[in-house]
Structure formats: C-alpha cells, structure tokens
Amino acid sequence: MNIRDEARIRLLGALLKKRSVHPNLSELQKETGLHKATIKASLDFLQKQGVLVGYGPKVNFKNFGFKLEVITILQLDLSEEKVFSEFLTQCTSNPSVYSVSSIIGSGNWNMMLRHYYRDVESYHADWEKNFSKKIPGLFRLVKDRQVFYLAEPHYKESPRTNSVIELVLKEQGFG
C-alpha cells in the first residue's frame, strides 16, 4: 500500500465534500453525556445557524512531503486593479496557496498568503513560474514582500476551532 496512490488521494479529496463525513452520535454521546436526540437537534441547529459548516479529515501534510509552510505578507498597490485581478486569479488557482487574506496592522502590509511546499527551493520556483513570469506588471503591484518559513519546533499547534470553542466557553463562564 502507498499513501500516494490514486485511490487514497481521491478518497481524501472526497472526504472534503459536503455530506461525505457525518458525526458519530454514539461517540458524541459518550464524550458529552447528552442524549442522542439532543445531540442531533443541536447539530441541526448549529448547521442552520451557519456555525457548523462541515466535517472533514485532518491530514498531516508532512507525510506527503510538504514539510514547509510559508507565510508571505505583501504591500500591494491596489490601484493596479488589472494586475491585482490577475494576481488573485493566480493565487486562487495555485494549489500550493491555501489562504489569501487582506490584512490590517502596523506598517503598510495589506495582503497575506499562506502556502505549503516541499522545501524552500520549490517555493521560490513556484513564485517565479506562477507569479513573476505569469503576471505582467507584478512589480507595479507588489511594492514590498516579506516571506516567513515556519520552522520546527511548533510550540503550540491546535485547530482554530478548538481555540474558538475554548474562548466561547470561557466568555460564557463554562470553562
């Protein structure tokens, strides 16, 4: 068996689709002590409220060789609308880029990208091929760029969902 064979990769992709993964009510009952009807009604309510938007696999990307997470912060000249549009198209179509966000804070930074790569060389090759060479006028759009490579050890790494749940429990006096 190989973790990279087509069947396993397709299965992981399918697990990300809506309604592919469902909660185990018996396991949730053991964990919470709640009645199954309460659990089901609560899950339905949370979905209708837009709080619970799906279930999916948690994948260790390093097992596939993607050992480098990159954060790029950019100062973009947003008056370069055509180039910005091309840049966003490249970002959203590039499978290495998993997050593109506007940011506000100290300095003139206004965009953040998060990416996964095998190594530093593949990051630089991807930036050159899919951004520098593909987007005419990129130099007019990108006024400054800072690149950060997340390094081991990670001192805390937990899902954002866990953090939000802990914060809400604390705010409500339940935690």
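The sequence shown: position 81 = 81 (this note's numbering), numbered continuously. We treat Cβ as the ideally placed atom computed from N, Cα and C, and that holds for glycine.
Subject >> Simplified DSSP assignment, three categories, for residue 115 >> reply: It is a strand residue.
**OP:** Taking residue 148 as part of the beta strand (DSSP E), name the residues at either end of that continuous run.
**Re:** Residue 148: member of the beta strand (DSSP E) spanning 142 to 149, first to last residue.
Original post:
Assuming residue 75 contacts residue 144 under a Cβ cut-off of 8 Å, what Cβ separation, rounded to an integer in Å, is found between them?
Top reply: At roughly 4 Å, the Cβ-Cβ gap stays under 8 Å, so residue 75 and residue 144 are in contact.
**OP:** Taking residue 44 as the reference, give the member of 22, 108 and 27 with the closest Cα.
**Re:** If you compare the alpha carbons of 22, 108 and 27 with that of residue 44, the shortest gap goes to 22.
Original post:
Given that a residue counts as buried once 16 or more other Cβ atoms are within 10 Å of its Cβ, and exposed if not, what is residue 1?
Top reply: Its Cβ having fewer than 16 others within 10 Å, residue 1 is exposed.
Original post:
What three-state label does DSSP hand residue 11 in the structure shown?
Top reply: In the structure shown, residue 11 sits in a helix (DSSP, three-state: H, G or I).
Subject >> Neighbour-count burial assignment, residue 150, 16 or more Cβ in a 10 Å radius >> reply: With fewer than 16 other Cβ atoms within 10 Å, it is exposed.
Original post:
CB residue 118 to CB residue 98, shorter than 7 Å?
Top reply: With respect to the 7 Å criterion, residue 118 and residue 98 are not classified as neighbours on the basis of their beta carbons.
**OP:** Could you tell me which of 121, 53, 77 and 130 sits nearest to residue 90, measuring between CA atoms?
**Re:** When C-alpha distances from residue 90 are compared across 121, 53, 77 and 130, the shortest belongs to 130.
**OP:** Can you tell me which of the three DSSP states residue 90 falls into?
**Re:** It is helical.
Original post:
Nearest CA to the CA of residue 57: which residue from 154, 69, 31 and 8?
Top reply: Closest by alpha carbon: 8.
**OP:** Could you work out which residue in 42, 20 and 63 is closest to residue 4 when comparing CA atoms only?
**Re:** Of the candidates 42, 20 and 63, the one whose C-alpha sits nearest the C-alpha of residue 4 is 63.
Original post:
Per DSSP, residue 75 forms a beta bridge with which residues?
Top reply: DSSP lists 144 as the beta-bridge partner residues of residue 75.
**OP:** Starting from residue 98, trace the beta strand (DSSP E) both ways and give me its first and last residue.
**Re:** 97 to 102 is the span of the beta strand (DSSP E), which, as asked, contains residue 98.
Subject >> Nearest candidate by alpha-carbon position, reference residue 79, set 95, 31, 134 and 141 >> reply: Each of 95, 31, 134 and 141 was checked against the Cα of residue 79, and the nearest Cα belongs to 141.
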